[in-house]
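Mind the numbering: the sequence shown is residues 94 to 252 in the working numbering, read in order.
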Amino acid sequence: MKKTLFLLIAFSFLMSSCSSSKKVVNSINKSTFKADKIVANALKFKGVKYKFGGTTKKGMDCSGVLYVAFGKESVKLPRVSRDMAKKGNKISLKKAKKGDLLFFKTRKSYRNINHVGLIVSVKNGKIRFVHATSSRGVIVSNLSEKYWKKAFVKATRVL
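See below:
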């Protein structure tokens with residue numbers, strides 16, 4: 094009788110712990126899936142020319158790419174990079190992953206953040222991100238490039 098009661102308690106504990114871990118895994122999978130979709134949305138604009146304030150295939154700026162990519166997945170972001178930088182949680186680059194945002198100050202005279210990119214991949218510590226530049230339009234760059242490394246301010250997670 095005691096053995097049966099013990100097995101019943103052990104079995105019910107095991108079943109309840111499995112269901113709670115499943116919820117955590119599902120939450121992680123949903124976040125990863127959403128990040129994949131948002132990155133895919135942003136990459137659709139690769140090659141689009143730069144246009145200040147632009148949010149269409151006729152022309153985009155850096156925050157416009159992210160605003161549209163996140164918006165297509167019903168994630169609301171502010172329209173400009175300095176306001177986007179106030180959303181989400183700050184993270185270290187070691188914890189950065191696909192779907193996280195990178196913020197930059199590209200001119201010494203600027204007091205505020207003026208550029209944003211979306212991480213498309215992190216492999217062996219190398220971070221690649223999609224963004225729009227005034228000279229080359231929507232492109233994918235490496236954070237390890239000297240220019241971006243120097244201008245980098247912070248990374249945030251909004252998903």
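Just so it is clear, CB atoms sit at the ideal spot from N, CA and C, and this is done for glycine as well.
Bear in mind the structure is a predicted one, so any value in this text is a computation, not a measurement.
One alpha carbon belongs to Lys198, the other to Ile220, and they sit about 18 Å apart.
Rounded to the nearest whole angstrom, the C-alpha separation of Gly218 and Lys187 is 8 Å. The straight-line gap separating the alpha-carbon atoms of Ala128 and Gly192 is approximately 5 Å. Between Asp176 and the set Lys190, Cys155, Lys123, Glu166, the nearest pair of CA atoms involves Cys155.
The criterion of a C-beta distance shorter than 9 Å is not satisfied by Leu236 and Val168. A straight line joining the alpha-carbon of Asn205 with that of Val161 spans about 22 Å.
Sixteen is the threshold: since fewer than 16 other Cβ atoms of the shown chains lie within 10 Å of the Cβ of Asn182, the residue is exposed. Assignment of beta strand (DSSP E) within the stretch 187-222, counting only whole runs of 3 or more residues, yields 194-197, 208-216 in chain order. Just measuring C-alpha positions, the residue of Leu159, Asn134, Lys243 sitting nearest Val209 is Leu159. The beta carbon of Ala178 sits closer than 6 Å to the beta carbons of Phe196, Ile206 from its chain, once the five residues preceding and following it are set aside; these are given in chain order. DSSP, reduced to helix, strand and coil, places Arg229 outside both helices and strands of the structure shown, so it counts as coil. Assignment of Ser185 by DSSP, reduced to helix, strand and coil, places it in the coil class. In the DSSP assignment, Phe163 falls within the alpha helix (DSSP H) that extends over 155-164.
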